[in-house]
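For the record, the sequence lines run as chains A and B. Residue numbers for the first sequence, in the working numbering: 1 to 363. Residue numbers for the second sequence, in the working numbering: 364 to 731. Down below is the structure, laid out as structure tokens.
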Amino acid sequence: MKKLNEDQLNELQKDLDAIRDEVIADLGERDAKYIRKIIRLHRTLEVGGRVMMPFGFIPPVFVAATASLGIAKIIENMEIGHNVMHGQYDWMNDPALNSQTYEWDTVCTSDSWRRTHNYEHHTYTNIIGKDRDYGYAVLRLSDDVKWHPGHLLQFINYVLLTVLFQWGVGVHELESEKIRRGELRWRDKLPFLKDFVRKGGRQGFKDYVFFPLLTLPVAPIVLAGNVGANLIRNIWASTVIFCGHFTQDAETFTEEECEGESKGHWYLRQLTGSSNFTGGKWLHVLSGHLSYQVEHHVFPDLPAHRYPEISEKVQAVCAKYDIPYNTGSFAKQYGTVLKRIGKFSLPDVVRTRLEGKRELQAI
Amino acid sequence: MLARLSNTKALHWLGRQLLNRDNPAGYFDPLAEAINPMWVQEYTPARVENIINETADTKTFVLKPAKRWAGFQAGQHVNICTDIEGVRRTRTFSLSSSPLLWQSEGQITLTIKRLPGGLVTNWMHDALQPGDVIGLTEAFGEFLIPEPAQPVLFIAGGSGITPILSQLQTMAAEDYRAPVTLLYYVRTQNDVIAREALQALAARWPALSLTIIATNESDEPRYLRDSDLETVAGIKAREVFLCGPKGLMDLATDLLVKRGLKEKQMHSTFFAPPAQASLDSDQLGGEVTFSNSNLKVGSEGDANLLEIAEAAGLKPQYGCRMGICHQCSCRKTSGIVVNRLTGKVSGPGEEPVQLCVSVPQGPVALDV
Numbered sequence: 001m002k003k004l005n006e007d008q009l010n011e012l013q014k015d016l017d018a019i020r021d022e023v024i025a026d027l028g029e030r031d032a033k034y035i036r037k038i039i040r041l042h043r044t045l046e047v048g049g050r051v052m053m054p055f056g057f058i059p060p061v062f063v064a065a066t067a068s069l070g071i072a073k074i075i076e077n078m079e080i081g082h083n084v085m086h087g088q089y090d091w092m093n094d095p096a097l098n099s100q101t102y103e104w105d106t107v108c109t110s111d112s113w114r115r116t117h118n119y120e121h122h123t124y125t126n127i128i129g130k131d132r133d134y135g136y137a138v139l140r141l142s143d144d145v146k147w148h149p150g151h152l153l154q155f156i157n158y159v160l161l162t163v164l165f166q167w168g169v170g171v172h173e174l175e176s177e178k179i180r181r182g183e184l185r186w187r188d189k190l191p192f193l194k195d196f197v198r199k200g201g202r203q204g205f206k207d208y209v210f211f212p213l214l215t216l217p218v219a220p221i222v223l224a225g226n227v228g229a230n231l232i233r234n235i236w237a238s239t240v241i242f243c244g245h246f247t248q249d250a251e252t253f254t255e256e257e258c259e260g261e262s263k264g265h266w267y268l269r270q271l272t273g274s275s276n277f278t279g280g281k282w283l284h285v286l287s288g289h290l291s292y293q294v295e296h297h298v299f300p301d302l303p304a305h306r307y308p309e310i311s312e313k314v315q316a317v318c319a320k321y322d323i324p325y326n327t328g329s330f331a332k333q334y335g336t337v338l339k340r341i342g343k344f345s346l347p348d349v350v351r352t353r354l355e356g357k358r359e360l361q362a363i
Numbered sequence: 364m365l366a367r368l369s370n371t372k373a374l375h376w377l378g379r380q381l382l383n384r385d386n387p388a389g390y391f392d393p394l395a396e397a398i399n400p401m402w403v404q405e406y407t408p409a410r411v412e413n414i415i416n417e418t419a420d421t422k423t424f425v426l427k428p429a430k431r432w433a434g435f436q437a438g439q440h441v442n443i444c445t446d447i448e449g450v451r452r453t454r455t456f457s458l459s460s461s462p463l464l465w466q467s468e469g470q471i472t473l474t475i476k477r478l479p480g481g482l483v484t485n486w487m488h489d490a491l492q493p494g495d496v497i498g499l500t501e502a503f504g505e506f507l508i509p510e511p512a513q514p515v516l517f518i519a520g521g522s523g524i525t526p527i528l529s530q531l532q533t534m535a536a537e538d539y540r541a542p543v544t545l546l547y548y549v550r551t552q553n554d555v556i557a558r559e560a561l562q563a564l565a566a567r568w569p570a571l572s573l574t575i576i577a578t579n580e581s582d583e584p585r586y587l588r589d590s591d592l593e594t595v596a597g598i599k600a601r602e603v604f605l606c607g608p609k610g611l612m613d614l615a616t617d618l619l620v621k622r623g624l625k626e627k628q629m630h631s632t633f634f635a636p637p638a639q640a641s642l643d644s645d646q647l648g649g650e651v652t653f654s655n656s657n658l659k660v661g662s663e664g665d666a667n668l669l670e671i672a673e674a675a676g677l678k679p680q681y682g683c684r685m686g687i688c689h690q691c692s693c694r695k696t697s698g699i700v701v702n703r704l705t706g707k708v709s710g711p712g713e714e715p716v717q718l719c720v721s722v723p724q725g726p727v728a729l730d731v
């Protein structure tokens, strides 16, 4: 990790706070209009998808309906739900956009998400052992975790996690690895399990029982379309999120180096532990602006559509302190994620030898 | 009826399952708003039909709420909500029209004075236009016409006349069978709100005696005097309704008590930010636990819970920030709070509190 002394960290904090204050002072009509426009788009796509789905026996309609519903779920989860729950729109004082009461269209309950994501992940970002989002307790993505033969098959785990992403996120707070290790008892997790079953049941009932049965003669088509829409969302959400922290140069941290850290150090960790990807306007909207993961981690409660506007200022701050600003095309960043998953599935001996060889070749 | 009720209940349940929210009807509001704002479900939409200038700084807004609005009793208030610069603002106003107008024409009126520096009243005066839609809550308030009829004395100051206008019109229409007196205090004769309506009422309804007194037209201010009350026949038997600035209300209460009127005969309602009760700030403050946010912060002096929460980086729901609208109400699980308006001290147990007017007295725990 890039080292800065105490004074530099304080200075860094001041520089970033200034960017934040400027946006906060400017919040208003424009931001409200933006999020309301996105919500209208979401409702339109969802209604459109649900209405078209029963006519999915016509193949192009099936594709349109599934895509429409899938994109609706992506927008709701990423640009609306995730961002609203971060408190990005709390200043609007609209009860429908309140971070503490918003409930999103996915298996994970919003309460669980606020605990595991807003609190744990955003506070302990990339600290191995404390940020359970780092590899989701099923993947080995750094040499801070000891290798065992099971890791050889982790690419299969990755594919499964991606395909079933909403369920994976939903059970994340179960902390099954701690139950396996005997650090927690099932009994401790009963309240969580109850909520998980209620919300998971609700989501399953909606997409896999209610809407198919509502249009009984074409139930299999509607079921298939709804499964498809969930799958599209799962794969996209997982991919975007993996690009945010698991790219080649995204750094990891140890508990020791973060003990009693200052706000400036927290900022530095967010800057170096996150990675962006570039693309067109709609790629950013569909990723909930998590394509600006660096900006998001530095300012998680600023309205996300502001990230592109402040990106240059954040880059200037990074340049000032010689902090790497990790970005690249979507394809390039995702490529390094896949490489990382593959690399750390191998025993350290093999991995270091392979890496050494590559370095030699490079020379 | 029962079948319909269970039907709506079942629908509501289904809506909650499908749409992940406690008010499923509001899910389509963003679309409804774009097509016809009167279809919005989250609040009762009300269209501005007409705006009437009453005085230089007071306007009457004639509104047509959506049909599902439940109506009101004369003397009650509503909360209105509207987005200004992207921020939802809630304020409480008295209804100035009679419920009869709502029943016959589906209309209500709010008579609103421009408050210097006031965000919402100024916006309503400057930006709100006929055809625009604002949100309404159901009506509330206990400032109600006595039933059965008893002799009444109204004492109004400035725009405090608004709930009384509603009451007088209603009483006149129902041919209220007891003497009614209105003492109406205004700064100058130009500040009389609804003068024509009041004079017309007095002309056709003999039970009403109307006195309008300007307080600031002579060198010496001419406030409420005991001799004003002297003119009210059988004052000791009257139900008294007070609405106006705090100075007037305090003065009137004092004089009435001296005349031997009982507290339960006197009814008052706020029309402007009520003055704060004087609190002994040495005893105030304490550690506040925000249980849902895993946060504990200390507080000193007369900072209220809303200010304390915001200073700690939390963003609870709020509305008027003066103890009226209950948007910021939430559960206190333990601890004692003092109501900033009344000076009343709460019990130590679990109860709802209004964050914006509750000041901790010792440690307090909240579900925030």
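Yeah, the Cβ is synthetic: ideal placement off N, Cα and C, and Gly gets one too. In this text, all values refer to a predicted model and were calculated from it rather than measured experimentally.
Own chain partners of residue i with C-beta closer than 7 Å, once the 5 adjacent residues on each side are dropped
i	result
methionine 364 (chain B)	Note that methionine 364 (chain B) has pLDDT 45, beneath the 50 cutoff, so the model's placement of it is unreliable and no number is given.
aspartate 495 (chain B)	Val411
glycine 389 (chain B)	Gln404 and Glu405
serine 654 (chain B)	Thr696, Ala728, Leu729 and Asp730
threonine 533 (chain B)	Ala437, Ser461, Pro462, Leu463 and Ile508
Expected contact under 8 Å - CB spacing of residue i and residue j to nearest Å
i	j	result
threonine 453 (chain B)	cysteine 683 (chain B)	6 Å
leucine 458 (chain B)	phenylalanine 435 (chain B)	6 Å
glycine 438 (chain B)	glutamine 530 (chain B)	5 Å
leucine 69 (chain A)	asparagine 234 (chain A)	About 13 Å separates the two Cβ atoms, so there is no contact after all.
glycine 498 (chain B)	isoleucine 443 (chain B)	6 Å
leucine 394 (chain B)	alanine 409 (chain B)	No, leucine 394 (chain B) and alanine 409 (chain B) are not in contact; Cβ-Cβ is about 20 Å, not under 8 Å.
Interface residues of chain A facing residue i [CB-CB closer than 8 Å]
i	result
valine 450 (chain B)	Gly28, Ala32, Trp91, Met92 and Asn93
Chain-ordered chain A contacts of residue i [CB-CB under 7 Å]
i	result
tyrosine 681 (chain B)	Asn93
glutamate 405 (chain B)	Ala96
Same chain, Cβ closer than 8 Å to residue i, five either side skipped, listed in chain order
i	result
serine 262 (chain A)	Glu6, Leu9, Asn10 and Gln13
asparagine 383 (chain B)	none
leucine 381 (chain B)	Pro387
leucine 231 (chain A)	Gly70 and Val163
9 Å Cβ cut-off: residues of chain B touching residue i
i	result
tryptophan 104 (chain A)	Asn383
arginine 351 (chain A)	Within chain B, no residue comes near arginine 351 (chain A); the closest Cβ sits about 39 Å away, beyond 9 Å.
threonine 247 (chain A)	None at all; the shortest Cβ gap to chain B is about 31 Å.
Partner residues on chain B for residue i, Cβ-Cβ distance less than 8 Å
i	result
glycine 87 (chain A)	Lys678
isoleucine 39 (chain A)	Pro393
threonine 336 (chain A)	Those do not exist, as threonine 336 (chain A) stays about 35 Å from chain B at its closest Cβ, beyond 8 Å.
arginine 20 (chain A)	By Cβ distance, chain B contributes nothing, its closest Cβ being about 13 Å from arginine 20 (chain A), past 8 Å.
arginine 132 (chain A)	Within chain B, no residue comes near arginine 132 (chain A); the closest Cβ sits about 17 Å away, beyond 8 Å.
threonine 44 (chain A)	Leu394
Sequence-distant residues of the same chain with beta carbon closer than 6 Å to residue i, five excluded per side
i	result
glycine 712 (chain B)	none
serine 709 (chain B)	Ile699 and Val700
aspartate 15 (chain A)	Val317
Chain B residues whose Cβ lies nearer than 7 Å to that of residue i
i	result
threonine 116 (chain A)	The premise fails here: threonine 116 (chain A) is roughly 13 Å from chain B at the closest Cβ pair, so nothing lies under 7 Å.
arginine 36 (chain A)	Pro393
Next item on the list: Say whether the stretch 296-307 of chain A touches the stretch 40-47 of chain A, bearing in mind that this needs 3 or more beta-carbon pairs closer than 8 Å, one atom from each stretch.
Entry: no
Margin query: Closer than 7 Å between beta carbons: that is the criterion. Which residues of the stretch 385-400 of chain B meet it against chain A?
Written below: Gly389, Phe391, Pro393, Leu394 and Ala397
Note to self: Under 8 Å, with one C-beta from each stretch per pair, do the stretch 274-281 of chain A and the stretch 314-327 of chain A reach the 3-pair mark?
What the structure shows: yes
Note to self: So if I threshold CB-CB distances at 8 Å, which residues from the stretch 200-217 of chain A count as touching chain B?
What the structure shows: Arg202, Phe205, Lys206 and Phe210
Check: At a cut of 8 Å, does the stretch 287-299 of chain A reach the stretch 69-86 of chain A through at least three beta carbon pairs?
Finding: yes
Check: Using a Cβ cut-off of 7 Å, which residues of the stretch 442-472 of chain B contact any Cβ in chain A, in chain order?
Finding: Asp446, Glu448, Gly449, Val450 and Arg451
Notebook entry, point to check: Listed from N- to C-terminal order along the chain, which residues in the stretch 372-384 of chain B have their beta-carbon within a distance smaller than 7 Å of any beta-carbon of chain A?
Noted result: Gln380, Leu381, Asn383 and Arg384
Notebook entry, point to check: Quick check: the stretch 212-228 of chain A against the stretch 48-66 of chain A, are there 3 or more CB pairs under 8 Å?
Noted result: yes
Check: Does the stretch 243-257 of chain A come close enough to the stretch 400-415 of chain B to have 3 or more Cβ pairs within less than 8 Å?
Finding: no
Check: Using 8 Å as the Cβ pair cut-off and three pairs as the minimum, do the stretch 208-215 of chain A and the stretch 122-132 of chain A touch?
Finding: no
Item checked: Cβ contact (3+ pairs, closer than 8 Å) linking the stretch 719-726 of chain B and the stretch 697-704 of chain B -> yes
Check: Is it true that the stretch 617-624 of chain B meets the stretch 499-514 of chain B, where meeting means three or more beta-carbon pairs spaced less than 8 Å apart?
Finding: no
Item checked: Residues in the stretch 667-681 of chain B having any Cβ partner in chain A nearer than 7 Å -> Lys678, Gln680 and Tyr681
Notebook entry, point to check: Would you call the stretch 193-202 of chain A and the stretch 21-40 of chain A in contact, with 3 or more CB pairs under 8 Å?
Noted result: no
Note to self: Would the stretch 484-493 of chain B count as touching the stretch 516-525 of chain B if we require 3 or more Cβ pairs under 8 Å?
What the structure shows: no
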